[in-house]
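Undergrad:
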Amino acid sequence: MKKEDIKAVINEAKTDINSLDLESFRVKYIGRKGLISDFFSEFKNLSIEDKKELGPILNEAKTELNDLYIKAKESCTKDKKDFFDYTLKGNKIEVGSLNPATIVLRELCSVFKELGFQIIEGPEIENEYYNFDALNIPKDHPARDLWDTFWFPDNLKLIGEKDKGRCLLRTHTSPVQMRFMEKNLPPFNVIVPGRTFRYEATDARHEFQFHQLEGLMVSENINLSNFKIIIKEAMQKIFKGTRKMRFLPSYFPFVSPGLQVDIECFKCRGKDKKCPLCSGSGWIEVLGAGMVHPKLFEIAGYPKGKYQGFAFGIGVERFAMVKYLIDDTRLFNSTDLRFLKQFK
Ligand code: DAH
Numbered sequence: 002m003k004k005e006d007i008k009a010v011i012n013e014a015k016t017d018i019n020s021l022d023l024e025s026f027r028v029k030y031i032g033r034k035g036l037i038s039d040f041f042s043e044f045k046n047l048s049i050e051d052k053k054e055l056g057p058i059l060n061e062a063k064t065e066l067n068d069l070y071i072k073a074k075e076s077c078t079k080d081k082k083d084f085f086d087y088t089l090k091g092n093k094i095e096v097g098s099l100n101p102a103t104i105v106l107r108e109l110c111s112v113f114k115e116l117g118f119q120i121i122e123g124p125e126i127e128n129e130y131y132n133f134d135a136l137n138i139p140k141d142h143p144a145r146d147l148w149d150t151f152w153f154p155d156n157l158k159l160i161g162e163k164d165k166g167r168c169l170l171r172t173h174t175s176p177v178q179m180r181f182m183e184k185n186l187p188p189f190n191v192i193v194p195g196r197t198f199r200y201e202a203t204d205a206r207h208e209f210q211f212h213q214l215e216g217l218m219v220s221e222n223i224n225l226s227n228f229k230i231i232i233k234e235a236m237q238k239i240f241k242g243t244r245k246m247r248f249l250p251s252y253f254p255f256v257s258p259g260l261q262v263d264i265e266c267f268k269c270r271g272k273d274k275k276c277p278l279c280s281g282s283g284w285i286e287v288l289g290a291g292m293v294h295p296k297l298f299e300i301a302g303y304p305k306g307k308y309q310g311f312a313f314g315i316g317v318e319r320f321a322m323v324k325y326l327i328d329d330t331r332l333f334n335s336t337d338l339r340f341l342k343q344f345k
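Count along the sequence shown starting at 1, add 1, and that's the number in the numbering used here.
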């Protein structure tokens with residue numbers, strides 16, 4: 002037995018104290034059959050000189066290892082108070098999901114961006130002028146009844162637009178058409194994603210708050226075929242050819258001619274006269290559109306006859322309904338997790 006042997010054991014113990022469990026450490030070093038005990042057995046057979054030299058070293062080693070053990074044991078019991086068991090099962094963290102209307106709105110935006118449209122926005126609190134008058138819907142025009150409106154009190158006006166009539170929650174995204182045209186000359190292709198509001202009773206097809214995506218393409222020599230190609234392309238990208246659609250003539254005061262696009266009713270396929278989605282017609286209207294009325298170009302101050310354009314307004318929730326086979330539009334705002342969780 003040499004001094005170095007004892008030192009080597011101490012060094013080893015200093016590493017082991019961090020890696021071995023306490024009981025194994027005790028048995029290996031300071032137990033009855035441990036390494037210190039082995040040294041003491043050997044010690045008996047040493048010469049007197051060696052005993053003199055190694056005796057104090059061996060005693061010190063014994064104390065050092067004992068201290069090491071006791072300290073480690075103490076700190077273990079102290080740590081118990083703040084002990085954190087990493088093997089325990091954790092609480093499940095709920096991960097949220099996007100509303101299907103948001104999913105479709107984003108998808109529409111990226112499809113139209115690919116087709117060369119620029120995204121613009123407008124205010125949700127509008128005034129009478131942009132929501133109606135500038136869209137060729139004068140005050141006494143019966144078409145105003147098409148849009149049941151949430152009005153603000155008379156005395157509230159938008160800053161800087163006091164002369165533009167009463168305030169309201171926009172009933173559609175179309176007012177952004179005139180806001181944009183007032184400030185920009187063609188050619189341009191823009192889309193307006195946004196929230197819209199109608200003061201009306203809700204049912205499977207109608208909500209008082211929903212989303213639209215407005216589109217406006219104005220240039221020279223634009224006609225309805227341009228519109229048809231763009232819309233067909235967008236529909237193809239979203240529905241991948243899985244939905245039947247049709248173009249129908251329709252009426253909106255800010256376009257001429259006006260039209261609408263319908264998609265086949267997925268709920269009854271025209272077989273149920275009482276169908277809450279199509280009332281038995283077999284078709285669900287998903288967007289309104291048309292060639293921009295010359296009156297709007299006049300209001301925007303464009304030279305007479307120089308430009309043509311088409312506009313469209315997509316019902317975003319309607320698109321989502323047809324895409325995901327959702328048969329009640331009230332579900333989008335229901336906050337019902339059983340519904341929302343399906344769109345993770
Ligand atoms: N703004 C119309 C609505 O809310 C939809 C619409 C129809 C938008 C024709 C348009 C359009 O841009 O050209 O019912």
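All C-beta atoms in this analysis are idealised placements derived from N, C-alpha and C, irrespective of residue type, glycine included. These numbers come from a predicted model, not from an experiment.
What are the start and end residues of the alpha helix (DSSP H) that includes Q210?
TA: Element bounds for Q210: not the alpha helix (DSSP H) but the beta strand (DSSP E), Q210 to S220.
Undergrad: According to DSSP, simplified to helix, strand and coil, what is F151?
TA: F151 falls in the coil class under three-state DSSP.
Undergrad: State the CB to CB distance for the pair H294 and F248, rounded to an integer number of angstroms; the pair is presumed to be in contact (CB under 8 Å).
TA: Going by Cβ atoms, the distance from H294 to F248 rounds to 19 Å, so no, they are not a contact pair.
Undergrad: Distance, Cα to Cα, D39 vs E5?
TA: C-alpha separation (whole angstroms): 15 Å.
Undergrad: Consult DSSP for R206 and reduce its assignment to one of helix, strand or coil.
TA: DSSP places R206 in coil when its eight states are reduced to three.
Undergrad: With 16 other CB atoms within 10 Å as the buried threshold, where does E208 fall?
TA: It counts as buried.
Undergrad: In angstroms, rounded to a whole number, what distance separates the CA positions of S20 and M2?
TA: Using only the alpha carbons, I get a separation of about 27 Å.
Undergrad: On the DSSP bridge list, what partners appear for T197?
TA: According to DSSP, T197 bridges with F211.
Undergrad: Could you tell me which residues DSSP puts in a beta bridge with V356?
TA: As displayed, the chain neither begins before 2 nor continues past 345, which places residue 356 out of reach and without an answer.
Undergrad: Expressed to the nearest angstrom, what Euclidean distance is found between the alpha-carbon atoms of M331 and Q210?
TA: Sequence check: residue 331 is Arg here, not Met. Rounded to whole angstroms, R331 to Q210 spans 10 Å at the Cα level.
Undergrad: How close, in whole Å, do the beta carbons of S175 and G310 come, if the pair is a contact with beta carbons under 8 Å?
TA: With 8 Å as the limit, S175 and G310 do not qualify as a contact, their Cβ atoms being about 13 Å apart.
Undergrad: Cβ of F333 within 9 Å of Cβ of P101?
TA: Closer than 9 Å, so yes.
Undergrad: Are three or more beta carbon pairs between the segment 131 to 143 and the segment 281 to 301 nearer than 8 Å?
TA: The segment 131 to 143 vs the segment 281 to 301: in contact.
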